[in-house]
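Just below is one structure, and these are the notes that go with it.
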Amino acid sequence: MSKPRITVIGAGLMGHGIAQVFALAGHDVTIYDSFANTLATAKDRILANLKFLGDDEAAVHRVTLEPDLGAAVRDADYVVEAVLEDLALKQKLFAEIEDLARPDAILASNTSVIPITSIMQNLKRRERALGTHWWNPPYLVPLVEVIETEWTSAETLAFAMKLHADVGKKPAHVKKDVPGFIGNRLQHALWREAISLVENGICDAETVDAVVKASFGRRLAVLGPLENADMVGTDLTLAIHNNVLPAIEHRPGPSPYLEQLVQSGKLGFKSGEGFRTWTPAQQTALRNRVLQHLRTARDEET
Ligand SMILES: NC(=O)c1ccc[n+]([C@@H]2O[C@H](COP(=O)([O-])OP(=O)(O)OC[C@H]3O[C@@H](n4cnc5c(N)ncnc54)[C@H](O)[C@@H]3O)[C@@H](O)[C@H]2O)c1
């Protein structure tokens, strides 16, 4: 089979980046967005990214912008949706897409947290639907979580795993459609404790971040938590858990400290203050530092 034809629904932050990855790997990619202005700038944004990364700029010529949903999905082998995080909107879109696309086209949602089961439950052919959770920016973070529902067929799952591996991503199979999938469950377990340490006066926010970045954060890219547990020994891990787990934050809901920040308008970068205060220059510096770090990691890997 020649390379599957890809359609990306939504030309925003994630959508244009996902389209870029497929186009760079040689796929013909169509992008649809209901907002004409966002759609119109998608190729410019992809080209700017390709230039920044030193990737083949000709890839942008494999991208077609299509303002009509029917025309966008009619010939697609694979449709991935990256519109706003809104269940009703995603359900409505997939109902339309199912009527307009080929019956054998594979359908995927890039939702961050909405259960794939909820998004896809009303489809007539639910066996060809699944979740594919990319991370931002899609062209620099390798992981794509591939989430199956109870209806997803083995062929659909195998197609998605191979498709993402073939374009250079690291697909991870999520066998159950649980909130947060794998990556965000792990990430937010850490954030819950980070907030709790500040809330309980054990240290300030800057110290939490400094501790992570100067210690296990350094190792995380090459040493996963369970590799680490095996390295130190499961017996030592058990002894540590017997001592530490009873003391670790385990409330089921969000922290009141976090809720108070939000209620008082301390929204982080967008208001200039969250856990810490941020000048525009500090925000730009941190964003650039992350981008540079991810680019270096990608370049070292290839
Ligand atoms: N931003 C992230 O870090 C991140 C990471 C992983 C997953 N996601 C998920 O990816 C999805 C997209 O997020 P984003 O950050 O790219 O958002 P975004 O706001 O940048 O882009 C959303 C796009 O959807 C378009 N849109 C809105 N209604 C539409 C419709 N009816 N038809 C077609 N297009 C429509 C908008 O014009 C916009 O271009 C969300 O579900 C989000 O939760 C985001």
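If you count the sequence shown from 1, you need to add 12 to reach this note's numbering.
Cβ atoms here follow ideal geometry from the backbone N, Cα and C, with glycine treated the same way.
Check your understanding: What's the C-alpha gap between Leu80 and Val224?
Key -> First, the amino acid is wrong: residue 80 is Asp here, not Leu. C-alpha separation (whole angstroms): 47 Å.
**Study point:** Straight-line gap, Glu249 to Gly195 (C-alpha atoms, nearest Å)
**Key:** Reading off the sequence shown, one finds Thr at residue 249, where the question assumed Glu. Between Thr249 and Gly195, the C-alpha separation is close to 21 Å.
**Study point:** Option nearest Thr42 by Cα separation, candidates Asn49, Ala52 and Ala31
**Key:** Ala31
Review point. Taking the continuous alpha helix (DSSP H) assigned at Ile357, which residues delimit it?
Key: It is not possible to answer for residue 357, since the shown part of the chain is limited to 13 through 314.
Practice item. Report the option in Asp67, Glu313 and Asp111 whose CA atom is closest to the CA atom of Val91. Key: Asp111
Review point. Does the beta carbon of Ser130 fall short of 7 Å from some heavy atom of ligand 1?
Key: no
Review point. Who pairs with Lys104 in a beta bridge, going by DSSP?
Key: According to DSSP, which records beta bridges pairwise, Lys104 is partnered with nothing at all.
Check your understanding: Are there three or more Cβ pairs, one per stretch, closer than 8 Å when the stretch 160 to 173 is compared with the stretch 140 to 149?
Key -> yes
Review point. Can you tell me where the alpha helix (DSSP H) with Trp203 in it begins and where it stops?
Key: Gly195 to Glu211
Check your understanding: Would you report the Cα separation of Leu298 and Gln272, rounded to the nearest angstrom?
Key -> 25 Å
Check your understanding: How long is the line joining the alpha carbons of Pro16 and Gly38, rounded to whole angstroms?
Key -> 10 Å
Review point. For Asn134, which residues from the same chain have a beta carbon less than 7 Å from its beta carbon, with the 5 sequence-adjacent residues on both sides left out?
Key: Gln103 and Ala107
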